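A short write-up of the structure that comes next.
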Amino acid sequence: MSEGMSKVYILGGAQTDFERNWKKEGKGMIALLKEAMTDGLEGAELTFDDVKELNQENRVACFVGNFIAEKYVDQGHLGAFLTEVDSAFYGVPSARYEAACASSSVAIDTAATKVRSGDYDVAIVIGWELMKTVETRVGGDYLGRAAYYEREGKGINLPFPKLFGRLADETLMKYPELDEKRYMDALAKISAINYENAKRNPLAQTRKWFMSYRQARTRGTETNPLVGGRLAVSDCSQVTDGAAVVVLCSEKFIAERGIKERPIIKGYGHRTAPLLFEKKMGDNQGSEYILPWTRQTVLDSYRRSGLTVDDIDVFETHDCFTSSEYAAISAFGLTKPGKEYEAVESGLISFTGSKPINPGGGLIGCGHPVGASGARMLLDLYKQVTKTAGEYQVNGARNGIMLNIGGSATTNYVFVIGAEE
Amino acid sequence: MDIRTVTVVGVTGIMGANVAGIFASFGDAKVYCVGRDIEKVKRAIPRIVKSVRADVIAHNLIPADFNNLEQCVADSDFVFESSKEDIRVKSEIATRIGKALKNSAISATGSSGLSITEIAECYPENMRGHFFGVHMFNPPYMLQLCELASTKYSDEEMYAKLKEYLRIKLHRIVVEVRDSPAFLGNRIGFQFINEALQYAEKYKDNGGIDYIDAVIGPFTGRSMPPLATSDFVGLDVHKAIVDNIYANTYDYAHETFVFPDFAQKLVEEGKLGRKSGGGLYRLVEYDNGRRRQNVYDISTGLYRDVIPYIFPFSDKMKRQIEAGDYHKAFEELVDNCSQEAEICLSFLLKYIVYSLYTAEKVGYAMEAADDVMAAGFNWCPPLAMYQAMSYVADVPVLIKKRFPEICQQIDVERYLAEARSSKYDFRVYFKSGG
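Protein sequence lines, in the order shown, are assigned to chains A and R. Residues 272 to 692 (the numbering used here) are what the first sequence spells out, left to right. Residues 746 to 1179 (the numbering used here) are what the second sequence spells out, left to right.
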C-alpha cells in the first residue's frame, strides 16, 4: 500500500464445516450466522462484549458478503440480520455487499478501506450462502444471475458449467499449439489435486469423497457425466452451505491490545471485465492472456504490495471450474500464458510443490458457498501465514495471494497478505 | 505398506461389496471379488462401483467364486473376509485362507463381534500374527469408522503397518479395540438402542415404539431415532449383536442387553425391518400411490399409523435448535419435569456414562468412544454431549441423583472427572426436524 497509509491487520476468524447440509439439520440463516459469528469472534480472540464496548464509541462495523439470499432463502436486507445473532450488534453499522461469487471480497475491500481510513478500528466480515435449500437445477438457474441472465442464463439448464466449458473451448482456440489431450489431462489433474488437498482439511465438503486423476479424466460416464461442453462433474466446484468470518483491525487496535504477529493486507486489485462472455473473449484478442482483466487485477495487487510472484508462497484461487484455475495459473505469473500445463505437470502447484495452489482444497475440494468463498480464501491465507493451518499447512508460508472472481471472470478481486516485514 | 492386490470374500453381502469398493477406490488395489455364486458376484460389481461413485474402479474388480478362493488368496497382499456372521462359516473360510496366504500378506475378518482370537486359531501357527479384526460400518463410504482388533498372536509390526494403511490410504478413522464381543461402537450403540426397545415395551400404553423414538429423536443428537435405526439395520442383526453381548460380557448394564419378547416374536415371524418389508415400522403403499409410515403397536400386536407426537419439551428444544440456540435447547430439557423429558434426559446421561465406562474396558482411550459414535453412528459423541450439557447443568449431579445404583457399581465420579474435551462439534448432530 502507498506510504503513509495505516495498515490493516487480520485478527483471525473461522469458517463453518462445509460438509454440513443446514436444511437437513433443520436449521436456517439465523443458526448459520450465530454459529459462524460465535466461532469467528472466538477465532479472532474477541467476544460479544468486546463488540458492545467498541460500538459505544462507534469503532466497529460489519460487512456481510452474500450473493443471492433473495432467491435461496427469500430474504434481503441481510446486513440487518446480525442483530438477530446477538444484542451486541444492536446499533453496529452493518450492510450487505454483492458481486456474485466475489461478494465477500467486496465486503473485505470495503471493510479494509474503512479501517485504513480510520473510520473503524474493527471490521467484521461475514460471507455466507445457503445453497442446498433448492434442488440442483433450480440453484443452477439462480446462479445464472451472476451472468447476464436475460442473455446467458434464462432458460438454460446449468448456465455456468456451460460458460466455463466455453472458456475451455476458447483456451484451446487461443493457444493452437496447446494439445487438447494435454489440456484436458491438466484440468483432470487440477481436479485431483484439489480433492486430494481437501482430504487434509477437516472442514472441507469433499473430505470423505473419492476422486482420482483417473476418475477425473474419465469424462462422460455415469459417475462423471459431462455438464458443460467438454467439462464433467469432476471439473466443477460444489454446491455448498456455509459461512466464513474474518475480522480486520487497525494498527491502533493492535497497539491498544498488545496483539502480536498478525498478518496485514499488503495489496489488492479490483477490476471488472466485460459482463457478456462473448465480449470478454472479443476483448482478449490483443492480449496473450485469455482473461486479461484477471491478469491485470493480479498485477495491480503485486504493484500495490511491492511484491512479485517470487515472493508468494501460497495461492488461493477461484477454481469454480478447472478451466478457471487453469487460466489463473498464468494470471498469477506462475507460467507464461498458454503454458499453464507446465505448472500442473511439474507438480509446481500441488501441495508439496514450491507454489501450491488451494492447499485446503479450493472451491472444488473445500466447497463453494458462493457468498462466503472470498472470506474463506482470506481466512485460509491467514491460517497459512500464521502457521495455524494444521494438516494443510504449507511449510514456510510468509506471503499469500487470493483470486476471487464473480460471474464468468467478470468481477476480479485479488488480495495479497503476509507477515509484516 | 504396499497393498496392490486384495481378495474380498463375501461380496454378495452389502458390507462385503461396500468394503470391496473402498479397497478398489481409495486403496487403488486390484480386488478379487469372491462369492459362492459367480452370477451373483457379477451382479454385485455395478453396485460396488456405485457405492464409491466412480466408474473408473470397475477395471479393478475381478469376479471369482469359491472354487478360485485359494488362487485369489495366493495372489493377494491383503485378504478381507466378510462372510456370514457365523463362527463355523468363518472358521471354515479362515482355514482355507490360512493355507493359501502368502507369507508377507495380511488377513482380516470384517466380523462385527465374533471372537477374533478364535478365528485366528484357524490359521497355521506361523500366520496367526498376520490376522486381525477390521470392522467397518455401513455404508463405509459415508461412515469412516474402522475398528481394529488384535489378538495375543498379533505381529506388532504388521499391526502398525495395517493401522497406517487403513488410516492414510483408505482414509478410515481407526479405533483400536480389544477382542471383545461386538467391540466398542456396537456395544455402546446397541446398549442405547436395545434399552430404547425395552422402554418401548415398558411404555407400550403410551404408544411404545413411535413414542420412544419421538422422545429420543434427531433433536437429541442423531440423524435417525434409535428404533428407526434398528429397523434400518434389521431386528435379526440387532438381536445377534445384543445376544452376543449378553451371553459373553458382564457389566452393570447387563440387563439392558436382553432382547424383548415382542421383538423376538417379530424376528420369528420374519418381520425384520426395512429389508424384509416391515419390522418395527412398515411403509404402507396405498392404491393411489400414497405412502404412509406404519408402526408396530406392541399392546395390540397390529400395525397402525405413526402418531405425530408433540411434547412441550421437545417442541421447544427443536425451536431453539432451529435458531442455533443450543444452550437454550438443553435448558428446556434439563428444566422440564414431564415424563418424556425425564426419559430423554436419562437416556442421554446413561449414554455418557456407559460410553466412558466401556471405552476404558474395550478401547484404549476415552476418545475412542467419541470416534466410534461420531464416525460409526453419526450420533453426537459422548464427550461432546457431556460438554454440551455442561454449559447448562452440573452433569455429575444430574447423574448421581438419577442413578444411585449405577454410582454404587462403578466410579462414575472418576469417569466424569477424567472426561476430556471433545474434538467433535456437538452442534452438527442436533437436528430440529424429525
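Glycine included, C-beta positions come from ideal geometry on N, C-alpha and C. Quick caveat, the model's predicted, so the values are computed rather than measured.
> Going straight from the alpha carbon of Asp288 (chain A) to that of Gln816 (chain R), what length do you get?
Replying inline: Numbered from 1 along the first sequence, position 17 holds the residue referred to as residue 288 (chain A). Numbered from 1 along the second sequence, position 71 holds the residue referred to as residue 816 (chain R). Cα to Cα, Asp288 (chain A) sits roughly 46 Å from Gln816 (chain R).
> When Cβ atoms are compared, which residues of the stretch 461-493 of chain A fall closer than 7 Å to chain R?
Replying inline: Within the stretch 461-493 of chain A, the qualifying residues are Lys470, Lys479, Phe481, Ser483, Arg485, Gln486, Thr489, Thr492 and Glu493.
>> I believe Val580 (chain A) touches Val665 (chain A) by the beta-carbon criterion, under 8 Å. Please report the beta-carbon distance rounded to the nearest angstrom.
In response: Sequence index remark: in the first sequence, residue 580 (chain A) carries index 309 (1-based). Sequence index remark: in the first sequence, residue 665 (chain A) carries index 394 (1-based). Cβ atoms of Val580 (chain A) and Val665 (chain A) stay farther apart than 8 Å, at about 15 Å.
> From what residue to what residue does the beta strand (DSSP E) around Gln943 (chain R) run?
Replying inline: For this step, residue 943 (chain R) is matched to residue 198 along the second sequence. From DSSP, Gln943 (chain R) is part of no beta strand (DSSP E) but of the alpha helix (DSSP H) over Gly930 to Lys947.
> Is the number of C-beta pairs between the stretch 629-638 of chain A and the stretch 460-478 of chain A that are closer than 8 Å three or more?
Replying inline: Taking 8 Å as the limit for Cβ pairs, the verdict is that the stretch 460-478 of chain A does touch the stretch 629-638 of chain A.
> Where does Trp293 (chain A) fall in DSSP's three states?
Replying inline: Walking along the first sequence from the start, residue 293 (chain A) turns up at place 22. Three-state result, Trp293 (chain A): coil.
> Can Arg490 (chain A) and Leu497 (chain A) be called in contact, C-beta distance under 7 Å?
Replying inline: In the first sequence, residue 490 (chain A) corresponds to position 219, counting from 1. In the first sequence, residue 497 (chain A) corresponds to position 226, counting from 1. The answer is yes: Cβ separation under 7 Å.
> Per DSSP, what kind of secondary structure is His875 (chain R) in: helix, strand or coil?
Replying inline: Your numbering for residue 875 (chain R) matches position 130 in the second sequence. In the three-state scheme derived from DSSP, where H, G and I count as helix and E and B as strand, His875 (chain R) is classed as helix.
>> Taking CB distances under 7 Å as the criterion, tell me whether Glu306 (chain A) reaches chain R.
In response: Within the first sequence, numbered from 1, the residue matching residue 306 (chain A) stands at position 35. So, interface residue.
>> Suppose contacts are defined by Cβ-Cβ distances below 7 Å. Is Tyr1160 (chain R) in contact with Leu1101 (chain R) by that definition?
In response: Along the second sequence, read from residue 1 onward, the residue named residue 1160 (chain R) stands at position 415. Along the second sequence, read from residue 1 onward, the residue named residue 1101 (chain R) stands at position 356. Yes, they are a contact pair.
> Residue range of the beta strand (DSSP E) that Arg488 (chain A) falls in?
Replying inline: Stepping through the first sequence from its first residue, residue 488 (chain A) is reached at position 217. Judged by DSSP secondary structure, Arg488 (chain A) falls outside any beta strand (DSSP E) and instead within the alpha helix (DSSP H) spanning Tyr484 to Arg488.
> Name the chain A residues that come within less than 9 Å of Lys1182 (chain R), Cβ to Cβ?
Replying inline: What the structure shows of chain R is the stretch from 746 to 1179, and residue 1182 (chain R) is not part of that stretch, so it cannot be assessed.
> Who are the Cβ neighbours of Lys323 (chain A) in its own chain at under 7 Å, not counting the five residues just before and after it?
Replying inline: Taking the first residue of the first sequence as position 1, residue 323 (chain A) is located at position 52. Only Ala359 meet the Cβ criterion.
>> I'd like the ranges of any beta strand (DSSP E) spanning at least 3 consecutive residues and lying wholly in the stretch 979-1057 of chain R.
In response: Listed in chain order, they are 1026-1030, 1036-1042 and 1047-1050.
> For chain R, is any of its Cβ atoms less than 7 Å away from the one on Gly302 (chain A)?
Replying inline: If you number the first sequence from 1, residue 302 (chain A) lands on position 31. The identity of residue 302 (chain A) in the sequence shown is Ala, whereas the question assumes Gly. Yes - at least one Cβ of chain R is within 7 Å of the one on Ala302 (chain A).
>> Which of the three DSSP states is assigned to Glu921 (chain R) in this structure?
In response: On the second sequence, residue 921 (chain R) is found 176 positions in, with the first residue counted as 1. In this structure, Glu921 (chain R) counts as strand in the three-state DSSP scheme.
>> Do Ala378 (chain A) and Val396 (chain A) count as a contact pair if the criterion is CB distance below 7 Å?
In response: If you number the first sequence from 1, residue 396 (chain A) lands on position 125. If you number the first sequence from 1, residue 378 (chain A) lands on position 107. Yes, Cβ-Cβ distance for Val396 (chain A) and Ala378 (chain A) is below 7 Å.
> Per DSSP, Asp810 (chain R) forms a beta bridge with which residues?
Replying inline: As a working note, residue 810 (chain R) is residue 65 in the second sequence. Bridge pairing for Asp810 (chain R): R:Gly780 [DSSP].
> Exposed or buried, what is Leu1047 (chain R) when buried is set at 16 or more other beta-carbons lying within 10 Å of its beta-carbon?
Replying inline: For the purposes of this step, residue 1047 (chain R) is taken as the residue at position 302 of the second sequence. Around the beta carbon of Leu1047 (chain R), fewer than 16 other beta carbons sit within 10 angstroms, so the residue counts as exposed.
> Between which two residues does the beta strand (DSSP E) carrying Met673 (chain A) extend?
Replying inline: Here residue 673 (chain A) refers to the residue found at position 402 of the first sequence. Its beta strand (DSSP E) spans residues Asn670 to Gly677.
>> For Arg1049 (chain R) and Leu1025 (chain R), I'd like the C-alpha separation in whole angstroms.
In response: Against the second sequence, residue 1049 (chain R) aligns to sequence position 304. Against the second sequence, residue 1025 (chain R) aligns to sequence position 280. Spanning the two alpha carbons is a distance of roughly 11 Å.
>> When you compare the CB positions of Ala307 (chain A) and Val516 (chain A), do they come within less than 7 Å of one another, or not?
In response: To locate residue 307 (chain A), count along the first sequence from 1; it is residue 36. To locate residue 516 (chain A), count along the first sequence from 1; it is residue 245. Contact: yes.
> Taking the C-alpha atoms as reference points, what is the distance between Leu650 (chain A) and Arg1165 (chain R)?
Replying inline: Numbered from its first residue, the first sequence carries residue 650 (chain A) at position 379. Numbered from its first residue, the second sequence carries residue 1165 (chain R) at position 420. The alpha-carbon atoms of Leu650 (chain A) and Arg1165 (chain R) are separated by roughly 28 Å.
>> Between R:Lys1020, R:Met1134, R:Asp1115 and R:Val756, which has its C-alpha nearest Leu1078 (chain R)'s C-alpha?
In response: Walking along the second sequence from the start, residue 1078 (chain R) turns up at place 333. Of the candidates R:Lys1020, R:Met1134, R:Asp1115 and R:Val756, the one whose C-alpha sits nearest the C-alpha of Leu1078 (chain R) is R:Met1134.
> Can you round the beta-carbon distance between Ala646 (chain A) and Val656 (chain A) to whole angstroms, since I take them to be within the 8 Å contact cut?
Replying inline: By 1-based counting over the first sequence, the position of residue 646 (chain A) is 375. By 1-based counting over the first sequence, the position of residue 656 (chain A) is 385. Contact check for Ala646 (chain A) and Val656 (chain A): beta-carbon distance about 16 Å, past the 8 Å limit, so the pair fails to qualify.
> Do you know whose CA, among A:Gly661, A:Ser595, A:Val569 and A:Thr593, lies nearest Phe686 (chain A)'s CA?
Replying inline: As a position in the first sequence, residue 686 (chain A) is number 415, starting the count at 1. When each option's Cα is compared against that of Phe686 (chain A), the closest is A:Val569.
> Among residues of its own chain, excluding the 5 on either side of Tyr944 (chain R), which ones have a beta-carbon nearer than 6 Å to its beta-carbon?
Replying inline: Numbered from 1 along the second sequence, position 199 holds the residue referred to as residue 944 (chain R). Answer for Tyr944 (chain R): Ile957, listed in chain order.
> Gln655 (chain A) lies in the alpha helix (DSSP H); which residues open and close that run?
Replying inline: Here residue 655 (chain A) corresponds to residue number 384 of the first sequence, with the count starting at 1. Unbroken alpha helix (DSSP H) run through Gln655 (chain A): Ser644 to Val656.
> Mapping DSSP to helix, strand and coil, what is Val405 (chain A)?
Replying inline: In the first sequence, residue 405 (chain A) corresponds to position 134, counting from 1. Note: Val405 (chain A) maps to coil in three-state DSSP.
> Exposed or buried, what is Pro1149 (chain R) when buried is set at 16 or more other beta-carbons lying within 10 Å of its beta-carbon?
Replying inline: Here residue 1149 (chain R) corresponds to residue number 404 of the second sequence, with the count starting at 1. Label assigned to Pro1149 (chain R): exposed.
> Using a beta-carbon distance below 7 Å, is Ala1120 (chain R) in contact with chain A?
Replying inline: One-based indexing of the second sequence puts residue 1120 (chain R) at position 375. Ala1120 (chain R) does not count as touching chain A.
>> Taking the beta carbon of Cys778 (chain R) as the centre, do at least 16 other beta carbons fall within 10 Å, making it buried, or is it exposed?
In response: Translated into the one-based positions of the second sequence, residue 778 (chain R) becomes position 33. Buried.
>> Taking the beta carbon of Tyr1109 (chain R) as the centre, do at least 16 other beta carbons fall within 10 Å, making it buried, or is it exposed?
In response: In the second sequence, residue 1109 (chain R) corresponds to position 364, counting from 1. The residue is exposed, with fewer than 16 neighbouring Cβ atoms inside 10 Å.
>> Rounded to the nearest angstrom, what separates Asp390 (chain A) and Leu652 (chain A) at their Cα positions?
In response: Counted from its first residue, the first sequence places residue 390 (chain A) at position 119. Counted from its first residue, the first sequence places residue 652 (chain A) at position 381. Here the C-alpha atom of Asp390 (chain A) lies approximately 25 Å from the C-alpha atom of Leu652 (chain A).
> Listing by chain order, which chain A residues have their CB less than 8 Å from the CB of Val1173 (chain R)?
Replying inline: What you label residue 1173 (chain R) is simply residue 428 of the second sequence in a count that begins at 1. Per Cβ cutoff of 8 Å: Asp288, Arg291 and Glu296.
> Can you find at least 3 beta carbon pairs, one from the stretch 497-515 of chain A and one from the stretch 434-444 of chain A, that sit closer than 8 Å?
Replying inline: Yes: the two stretches touch, three or more of their Cβ pairs being nearer than 8 Å.
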